[in-house]
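Under this note's numbering, the first residue of the sequence shown is numbered 6, with each subsequent residue one higher. Just so you know, even glycine gets a beta-carbon here, dropped at the ideal spot from N, CA and C.
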Amino acid sequence: MRTSSVTQGIVDFMNTTRGFMDITQWLERYACSATESPQDDYTYLPIPSTKMTKDIRPRIYIYIYIRHSTKLYANGHKVSIFLEELKAAYGLQYDVEKIDISKNVQKEPWFIKLNPNGRIPTLVDRSRNNFNVFETAAILLYLEQHYDKEGRFAFDKDKDPDNWSEMLQWIFFAHGGVGPMQGQANHFNRAAPEDIPYAKKRYIDETKRLYGVLEIRLTDRDFLAGPGRGKYSLADINVLPWVRIHTFAGIESLDEWPHVKAWLETAQKRPAFEAGINVPPRT
Ligand SMILES: N[C@@H](CCC(=O)N[C@@H](CS)C(=O)NCC(=O)O)C(=O)O
6 MRTSSVTQGI
16 VDFMNTTRGF
26 MDITQWLERY
36 ACSATESPQD
46 DYTYLPIPST
56 KMTKDIRPRI
66 YIYIYIRHST
76 KLYANGHKVS
86 IFLEELKAAY
96 GLQYDVEKID
106 ISKNVQKEPW
116 FIKLNPNGRI
126 PTLVDRSRNN
136 FNVFETAAIL
146 LYLEQHYDKE
156 GRFAFDKDKD
166 PDNWSEMLQW
176 IFFAHGGVGP
186 MQGQANHFNR
196 AAPEDIPYAK
206 KRYIDETKRL
216 YGVLEIRLTD
226 RDFLAGPGRG
236 KYSLADINVL
246 PWVRIHTFAG
256 IESLDEWPHV
266 KAWLETAQKR
276 PAFEAGINVP
286 PRT
């Protein structure tokens, strides 16, 4: 049963006009119906030959969200911006699977196997035996380790340990601070079923405080990590998508933090940044 099901899946895969079927359909039809060794379910993804991988199938698969507006969610954009940078720098190809988080697709068993946290984005790397990665900062570091071969967006851990450490410090600062705090500010300003002024103020004030920390760092430099005025790196990519959507959290403008504002404007001029925030494309 398992073999014939998978074989039929590969036939379907070969027959589709785009070269591959919608992955959710594929999983529903073949992988999720499997009854044997649950941890193997997603290895049923049709793994094509090297030639097909090169010609048809992208190597990196990113599960991201679809909602009414794809413009306002920072976590997926951290990853899509970096993927676009890697595409521009090295020609890395990737594909996007849109997950409707309003329908809780991210809580379904097949997705929990990819990401126990049940959240997007989640990455599956077909070229590395369908290795999957969750948590945005970990995804960025994974992509950098495997696909930024010239170290254009990071620092050499062995030869340049101090700048590597500083980059990590700013990544952790954002992953544990800006993301969660601004996320709560978003929630209490936009989504909470009741108006709780204390919570709104608490999370907006904390987000502003964290922007103040970024402002201190950026006062005499262009980017968060790196020698001199710094280098555009994962440290920046990891937090800029949050700063970009500050109004959503109830922060009307960045005028209070002029260096943060200039930093965001500089990044927004990068074609890969612009391309990344348009992922997934509106349909
Ligand atoms: N710490 C996680 C946060 C991911 C996250 O909160 N994703 C949100 C969308 S921006 C999500 O999937 N929400 C749906 C849910 O919580 O079920 C990361 O950095 O990857």
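Integer-rounded CB distance, given that N80 should sit under 8 Å from P126: 6 Å
Span of the beta strand (DSSP E) around D241: Unbroken run through D241 is the alpha helix (DSSP H), L239 to I242; no beta strand (DSSP E).
With a threshold of 7 Å between beta-carbons, can E220 be considered close to chain D, or not? Any reference to chain D falls outside this structure, which holds one protein chain only.
In this structure, does DSSP put Y147 in helix, strand or coil? helix
Would you kindly check if the distance between the Cβ of E89 and the Cβ of A277 is under 7 Å? yes
Can the beta-carbon of A159 be found less than 7 Å from the beta-carbon of L239? yes
Compute the distance between the beta-carbons of T224 and H264, then report whether it is under 7 Å. yes
Using DSSP bridges, identify the partner residues of T127. Answer is Y68 and F139.
From this set, E102, R226, L215 and G235, which residue's C-alpha is nearest E261's C-alpha? L215
Would you tell me roughly how many angstroms separate the C-alpha atoms of N135 and Q273, rounded to the nearest one? 32 Å
Compute the beta-carbon to beta-carbon distance between G123 and K112, rounded to the nearest angstrom, for a pair I have assumed lies under 8 Å. 5 Å
C-alpha distance - K236 paired with D227, whole-angstrom precision: 8 Å
By a C-beta neighbour count over all protein chains shown, 10 Å radius and 16 as the cutoff for buried, is T75 buried or exposed? Only weak support exists for where T75 lies, its pLDDT of 48 falling under 50; the value from the coordinates is given anyway. Buried: at least 16 other Cβ atoms inside 10 Å.
Indicate, with yes or no, if ligand 1 has a heavy atom lying under 6 Å from the CB of R249. no
Near L269, which residues of its chain fall below 8 Å by C-beta distance, leaving aside the five closest residues on each side in sequence? L245, V248, R249 and L259
Relative to the C-alpha of K154, which candidate in Y78, P232 and K92 has its C-alpha closest? K92
Within the same chain, show all residues whose beta-carbon is closer than 8 Å to that of I201, passing over the 5 residues directly before and after it, in chain order. F193
Return the residue from the list Q189, D165 and F116 that minimises the CA-CA distance to K206. Taking the Cα of K206 as reference, the smallest distance to any Cα among Q189, D165 and F116 is reached at Q189.
In this structure, does DSSP put D210 in helix, strand or coil? helix
Inter-residue Cα distance where the pair is Y152 and L145: 10 Å
In this structure, how does DSSP classify I250 when only helix, strand and coil are distinguished? coil
A230 and R157 - do their beta-carbons sit closer together than 7 Å? One thing to note: R157 has its Cβ no nearer than 7 Å to the Cβ of A230.
According to DSSP, which residues form a beta bridge with V101? I67
Buried or exposed, going by whether 16 or more other CB atoms sit within 10 Å of the CB of M243? The amino acid occupying residue 243 in the given sequence is Asn; Met does not appear at that position. Buried, since its Cβ has 16 or more Cβ neighbours within 10 Å.
Cβ of Q187 within 7 Å of Cβ of A267? no
If I measure Cβ to Cβ from L308 and keep anything under 8 Å in the same chain, skipping five residues before and after, which residues do I get? Given that the chain is displayed from residue 6 to residue 288, the structure contains no residue 308 and the question cannot be resolved.
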